[in-house]
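Let me begin by presenting the structure, written as structure tokens, before commenting on it.
Number of protein chains: 4
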Amino acid sequence: MIQSRVQITVRYAETDQMGFVYHGNYLPWFEVARTHMLKEQGIPYRQLEKEGFFLPVLEVGLRYHKPAFYDDELIVVSTMRERPSIRIHIEYEVLRGDELLVSGHTRHAFIDRAGRPVRPPASFSERMAVLFAT
Amino acid sequence: MIQSRVQITVRYAETDQMGFVYHGNYLPWFEVARTHMLKEQGIPYRQLEKEGFFLPVLEVGLRYHKPAFYDDELIVVSTMRERPSIRIHIEYEVLRGDELLVSGHTRHAFIDRAGRPVRPPASFSERMAVLFAT
Amino acid sequence: MIQSRVQITVRYAETDQMGFVYHGNYLPWFEVARTHMLKEQGIPYRQLEKEGFFLPVLEVGLRYHKPAFYDDELIVVSTMRERPSIRIHIEYEVLRGDELLVSGHTRHAFIDRAGRPVRPPASFSERMAVLFAT
Amino acid sequence: MIQSRVQITVRYAETDQMGFVYHGNYLPWFEVARTHMLKEQGIPYRQLEKEGFFLPVLEVGLRYHKPAFYDDELIVVSTMRERPSIRIHIEYEVLRGDELLVSGHTRHAFIDRAGRPVRPPASFSERMAVLFAT
Chain A
233 MIQSRVQITV
243 RYAETDQMGF
253 VYHGNYLPWF
263 EVARTHMLKE
273 QGIPYRQLEK
283 EGFFLPVLEV
293 GLRYHKPAFY
303 DDELIVVSTM
313 RERPSIRIHI
323 EYEVLRGDEL
333 LVSGHTRHAF
343 IDRAGRPVRP
353 PASFSERMAV
363 LFAT
Chain B
233 MIQSRVQITV
243 RYAETDQMGF
253 VYHGNYLPWF
263 EVARTHMLKE
273 QGIPYRQLEK
283 EGFFLPVLEV
293 GLRYHKPAFY
303 DDELIVVSTM
313 RERPSIRIHI
323 EYEVLRGDEL
333 LVSGHTRHAF
343 IDRAGRPVRP
353 PASFSERMAV
363 LFAT
Chain C
233 MIQSRVQITV
243 RYAETDQMGF
253 VYHGNYLPWF
263 EVARTHMLKE
273 QGIPYRQLEK
283 EGFFLPVLEV
293 GLRYHKPAFY
303 DDELIVVSTM
313 RERPSIRIHI
323 EYEVLRGDEL
333 LVSGHTRHAF
343 IDRAGRPVRP
353 PASFSERMAV
363 LFAT
Chain D
233 MIQSRVQITV
243 RYAETDQMGF
253 VYHGNYLPWF
263 EVARTHMLKE
273 QGIPYRQLEK
283 EGFFLPVLEV
293 GLRYHKPAFY
303 DDELIVVSTM
313 RERPSIRIHI
323 EYEVLRGDEL
333 LVSGHTRHAF
343 IDRAGRPVRP
353 PASFSERMAV
363 LFAT
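Chains as they are written, first to last, in this note's numbering: chain A, 233 to 366; chain B, 233 to 366; chain C, 233 to 366; chain D, 233 to 366.
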């Protein structure tokens with residue numbers, strides 16, 4: 233299992249007239265959390281794209297338990313429970329202290345520059361083999 | 233069953249460096265579709281908020297089948313299959329001509345200005361009773 | 233002079249907790265207006281990019297006179313007063329009926345795929361020569 | 233003169249298909265910088281709003297010198313050169329190391345909950361008097 237934590241401060245731009253964070257604005261935070269997790273594991277996504285590998289989102293799901301407010305300091309925890317194969321599944325929790333505000337997941341697969349599905353780059357697969365070795 | 237269709241032209245701002253629409257930018261389109269559906273049914277959401285009723289999002293799910301590109305002219309179809317009770321469930325399909333690009337759903341419940349769960353306003357419930365009468 | 237008008241309905245996502253449209257969200261509307269103006273003139277920007285010409289923004293300025301609200305139906309008027317040379321200057325007005333809500337401008341120049349400044353494509357220059365002929 | 237620096241890491245969501253940051257996405261960063269500056273000076277904006285004072289944007293201007301890329305670590309420097317009176321003027325520079333990417337300014341004035349122009353709250357004026365005392 234890989235787990236990573238990243239800190240987010242809510243921007244005014246991310247609120248809406250209901251007075252809290254617009255539900256669509258959690259997806260960029262999930263993306264910040266993924267970027268952070270991959271970088272921590274030594275496989276920065278920026279580098280993957282330079283090598284011609286892209287990781288689009290195939291599926292997302294989110295459940296909103298409590299609102300987040302402007303200027304709140306939040307933690308987004310991202311978790312990869314299983315060694316990724318063709319599909320990569322990541323789970324997320326958005327926390328304000330002990331409170332769980334939002335939980336969700338994303339599913340991904342690698343494509344090449346032309347948009348065709350491809351196997352993960354060797355650097356990625358090898359690192360995952362190490363991380364998920366028992 | 234209530235169904236509504238709204239036209240969306242993809243904005244440059246909605247793309248990302250992968251060359252197509254960022255996955256998080258479909259949620260505002262779903263919201264445009266909901267706004268349109270409620271207005272068509274004679275219960276504009278703007279009016280509901282003026283009366284003190286808010287309809288936050290409790291849950292969303294999206295599956296991305298094919299990318300949407302800048303300047304594409306898309307249709308977002310929104311569907312309410314069941315008469316809403318405390319919970320409101322809406323389904324969406326994003327289409328480019330005959331192609332299904334994205335499918336998804338949102339789930340909602342009414343709250344009042346203080347954020348407490350409330351029953352739907354009478355105007356809403358009565359209209360839904362008519363629309364879903366057999 | 234070239235002038236174009238496009239209709240925008242304010243999205244919930246575009247508001248913030250002040251209760252009206254977030255000031256940053258007018259820039260995508262200006263972009264929608266530019267896209268519309270170029271398409272009306274027979275030189276769709278999408279086509280320019282396919283030919284390897286990109287039109288990044290070099291400068292913007294906006295003045296906010298009155299707020300725009302969720303679900304407002306607005307008109308964005310874009311105007312090109314002078315025949316573009318190396319630089320392209322466009323002015324914008326956001327209107328709700330007769331009320332002027334926001335005015336602004338953007339300045340652009342063409343670059344190629346590698347990011348180097350280039351002269352406008354022939355198709356663009358020729359069309360502009362016709363449009364601005366006296 | 234008040235000056236503040238805040239760190240921003242570019243999100244994938246903030247890029248567009250030109251391959252770098254969409255020009256409209258600098259305005260939320262300016263807002264992050266303002267929030268940070270006011271908090272550093274002991275007058276958090278969140279608190280001002282709780283007391284019924286809002287600080288909408290009246291005017292912005294931005295000049296784009298060089299592009300910012302996904303995952304870049306940037307610094308946004310915000311500067312208030314003159315003691316604010318009815319109007320508040322703030323300048324910004326977005327830097328990647330020594331490189332100046334974007335420069336800009338925003339102009340603000342206080343309004344109350346009903347949207348009427350008001351004088352700044354006493355806590356704000358007093359703090360500014362101290363900060364700009366010679």
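For every residue, glycine included, the Cβ atom is placed at its ideal position computed from N, Cα and C.
Checklist line | Cβ neighbour criterion (16 or more within 10 Å) applied to B:Gly-256 | finding: Along the second sequence, read from residue 1 onward, the residue named residue 256 of chain B stands at position 24. Flag for B:Gly-256 reads buried.
Next item on the list: Starting from C:Arg-266, follow the alpha helix (DSSP H) in both directions and report where the run begins and ends.
Entry: As a working mapping, residue 266 of chain C is identified with position 34 in the third sequence. Unbroken alpha helix (DSSP H) run through C:Arg-266: 258 to 272.
Check: For A:Thr-241, which option in A:Ile-307, A:Leu-332, A:Met-312, A:His-340 has the closest C-alpha, if you only look at C-alpha atoms?
Finding: Counting from 1 along the first sequence, the entry for residue 241 of chain A is found at position 9. The shortest Cα separation from A:Thr-241 among A:Ile-307, A:Leu-332, A:Met-312, A:His-340 belongs to A:Ile-307.
Margin query: Quick check on DSSP: helix, strand or coil for D:Glu-286?
Written below: For the purposes of this step, residue 286 of chain D is taken as the residue at position 54 of the fourth sequence. Glu is not the amino acid found at residue 286 of chain D; the sequence shown has Phe there. Note: D:Phe-286 maps to strand in three-state DSSP.
Check: At a Cβ cut of 7 Å, what residues of the region 288 to 310 of chain C count as close to chain B, listed as they run along the chain?
Finding: Tyr-302, Asp-303
Margin query: Give me, in chain order, the residues of the same chain whose beta-carbon lies closer than 6 Å to that of C:Gln-235; leave out the 5 immediate sequence neighbours on both sides.
Written below: Looking up residue 235 of chain C in the third sequence gives position 3. If we look at C:Gln-235 and ignore the five residues flanking it on each side, its Cβ neighbours are Thr-311.
Check: Who are the Cβ neighbours of C:Thr-267 in its own chain at under 6 Å, not counting the five residues just before and after it?
Finding: Sequence index remark: in the third sequence, residue 267 of chain C carries index 35 (1-based). Once the five neighbours on either side are set aside, the close Cβ partners of C:Thr-267 are Tyr-277.
Note to self: My output table needs one value for B:Val-326: the three-state DSSP class, helix, strand or coil.
What the structure shows: Residue mapping note: residue 326 of chain B aligns to position 94 of the second sequence, counting from 1. Note: B:Val-326 maps to strand in three-state DSSP.
Check: First and last residue of the beta strand (DSSP E) that includes D:Met-312?
Finding: Counting from one through the fourth sequence, the residue named residue 312 of chain D turns up at place 80. Start and end: 305 to 312.
Notebook entry, point to check: Of all Cβ atoms in chain C, is any one closer than 7 Å to the Cβ of B:Glu-263?
Noted result: On the second sequence, position 31 is the one that residue 263 of chain B refers to. Yes, B:Glu-263 counts as interfacial toward chain C.
Checklist line | Length of the line joining the Cα atoms of A:Ala-361 and A:Leu-280 | finding: Working through the first sequence from its first residue, we reach residue 361 of chain A at position 129. Working through the first sequence from its first residue, we reach residue 280 of chain A at position 48. Computed Cα separation, rounded: 17 Å.
Note to self: Counting C-beta neighbours from all protein chains within 10 Å, is the total for D:His-297 16 or more, i.e. buried, or is it exposed?
What the structure shows: Here residue 297 of chain D refers to the residue found at position 65 of the fourth sequence. By the 10 Å Cβ count, D:His-297 comes out exposed.
Next item on the list: With 8 Å as the C-beta to C-beta threshold (strictly closer), list the residues of the region 251 to 262 of chain C near chain B in chain order.
Entry: Leu-259, Pro-260
Note to self: Output needed for C:Thr-247: all residues of its chain with C-beta closer than 8 Å, excluding positions within five of it in sequence on either side, in chain order.
What the structure shows: Position 15 of the third sequence, counted from the start, is the residue given in the question as residue 247 of chain C. The residues are Val-253, Tyr-254, Phe-301, Tyr-302.
Notebook entry, point to check: Mind checking whether B:Met-233 and B:Arg-313 have CB atoms under 7 Å apart?
Noted result: Numbered from its first residue, the second sequence carries residue 233 of chain B at position 1. Numbered from its first residue, the second sequence carries residue 313 of chain B at position 81. Cβ distance < 7 Å, so B:Met-233 and B:Arg-313 count as in contact.
Check: Hey, how far is the Cα of D:Phe-285 from the Cα of D:Glu-323?
Finding: Your numbering for residue 285 of chain D matches position 53 in the fourth sequence. Your numbering for residue 323 of chain D matches position 91 in the fourth sequence. About 22 Å.
Margin query: Spatial neighbours of A:Leu-270 within its chain, please: C-beta separation below 7 Å, excluding the five flanking residues on both sides.
Written below: For the purposes of this step, residue 270 of chain A is taken as the residue at position 38 of the first sequence. Counting only Cβ-Cβ distances below 7 Å, and skipping sequence neighbours, we find Pro-276, Tyr-277.
Notebook entry, point to check: Going along chain D, which residues have a C-beta under 9 Å from B:Thr-247?
Noted result: For the purposes of this step, residue 247 of chain B is identified with residue 15 of the second sequence, where counting begins at 1. Within 9 Å Cβ-Cβ: Thr-247, Asp-248, Gln-249, Met-250, Tyr-254.
Item checked: Option in D:Val-326, D:Asp-330, D:Arg-345 with minimal Cα separation from D:Gly-336 -> Looking up residue 336 of chain D in the fourth sequence gives position 104. Checked all of D:Val-326, D:Asp-330, D:Arg-345; the closest Cα to D:Gly-336 is D:Val-326.
Notebook entry, point to check: Using the beta-carbon count (16 or more within 10 Å), is D:Glu-358 buried or exposed?
Noted result: Translated into positions along the fourth sequence, residue 358 of chain D becomes position 126. D:Glu-358 should be labelled exposed.
Check: For D:Phe-243 and chain A, any beta-carbon pair shorter than 7 Å?
Finding: The sequence position of residue 243 of chain D within the fourth sequence is 11, counting from 1. The residue you asked about is not Phe; residue 243 of chain D is Arg in the sequence shown. So, interface residue.
Checklist line | Spatial distance of C:Arg-243 from C:Asp-304 (CA atoms) | finding: Here residue 243 of chain C corresponds to residue number 11 of the third sequence, with the count starting at 1. Here residue 304 of chain C corresponds to residue number 72 of the third sequence, with the count starting at 1. The alpha-carbon atoms of C:Arg-243 and C:Asp-304 are separated by roughly 9 Å.
Next item on the list: For C:Thr-338, count neighbouring C-beta atoms within 10 Å of its own C-beta (all shown protein chains included) and say buried if the count is 16 or more, exposed if not.
Entry: Position 106 of the third sequence holds residue 338 of chain C. C:Thr-338 comes out buried.
Note to self: If you reduce the DSSP assignment to three classes, tell me which class B:Ser-357 lands in.
What the structure shows: Counted from its first residue, the second sequence places residue 357 of chain B at position 125. In the structure shown, B:Ser-357 sits in a helix (DSSP, three-state: H, G or I).
Check: Taking Cβ positions only, does C:Arg-328 come closer than 7 Å to chain B?
Finding: Indexing the third sequence from 1 puts residue 328 of chain C at position 96. No, its Cβ sits nowhere closer than 7 Å to a Cβ of chain B.
Next item on the list: Just confirm the distance between the C-beta atoms of B:Leu-294 and A:Val-334, as a whole number of angstroms; I'd bet it's less than 8 Å.
Entry: Position 62 of the second sequence, counting from 1, holds the residue named residue 294 of chain B. Position 102 of the first sequence, counting from 1, holds the residue named residue 334 of chain A. Contact doesn't hold; Cβ gap of about 15 Å is too wide.
Item checked: Where C:Glu-263 falls, given that 16 or more other Cβ within 10 Å makes a residue buried -> For the purposes of this step, residue 263 of chain C is identified with residue 31 of the third sequence, where counting begins at 1. Its Cβ being crowded by 16 or more others within 10 Å, C:Glu-263 is buried.
Next item on the list: Using the Cα positions of C:Pro-316 and B:Leu-259, report the straight-line distance between them to the nearest angstrom.
Entry: Within the third sequence, the letter at position 84 stands for residue 316 of chain C. Within the second sequence, the letter at position 27 stands for residue 259 of chain B. Those two C-alpha atoms are separated by around 37 Å.
Next item on the list: Keeping to the same chain, check which residues put their C-beta closer than 6 Å to that of D:Arg-345; ignore five residues upstream and five downstream.
Entry: Looking up residue 345 of chain D in the fourth sequence gives position 113. Same-chain partners within the cutoff: Gly-284.
Item checked: Distance CB(C:Leu-287)-CB(C:Phe-364) smaller than 7 Å -> Here residue 287 of chain C is taken as the residue at index 55 of the third sequence, counted from 1. Here residue 364 of chain C is taken as the residue at index 132 of the third sequence, counted from 1. Their beta carbons are not under 7 Å apart, which means C:Leu-287 does not touch C:Phe-364 by this criterion.
Checklist line | Contacts around D:Pro-352, its chain only, beta-carbon distance under 6 Å, and the 5 residues preceding and following it disregarded | finding: Numbered from its first residue, the fourth sequence carries residue 352 of chain D at position 120. The answer, listed in chain order, is Phe-342.
Note to self: Residues of chain E with CB closer than 8 Å to the CB of B:Phe-356, please, in chain order.
What the structure shows: No chain E is part of this structure, whose protein chains are labelled A, B, C and D.
Next item on the list: Pull up the DSSP beta-bridge partners for C:Glu-331, would you.
Entry: On the third sequence, position 99 is the one that residue 331 of chain C refers to. DSSP lists C:Arg-328 as partners of C:Glu-331.
Item checked: Cut-off 6 Å between Cβ atoms - residues of its own chain near B:Lys-282, not counting five sequence neighbours on either side -> For the purposes of this step, residue 282 of chain B is taken as residue 50 along the second sequence, with counting starting at 1. For B:Lys-282, where only same-chain residues beyond five positions count, there are no Cβ hits under 6 Å.
Next item on the list: Could you name the residues of chain D that C:Phe-286 contacts, counting a contact when the two beta carbons are closer than 8 Å?
Entry: Within the third sequence, numbered from 1, the residue matching residue 286 of chain C stands at position 54. The answer, in chain order, is Met-250.
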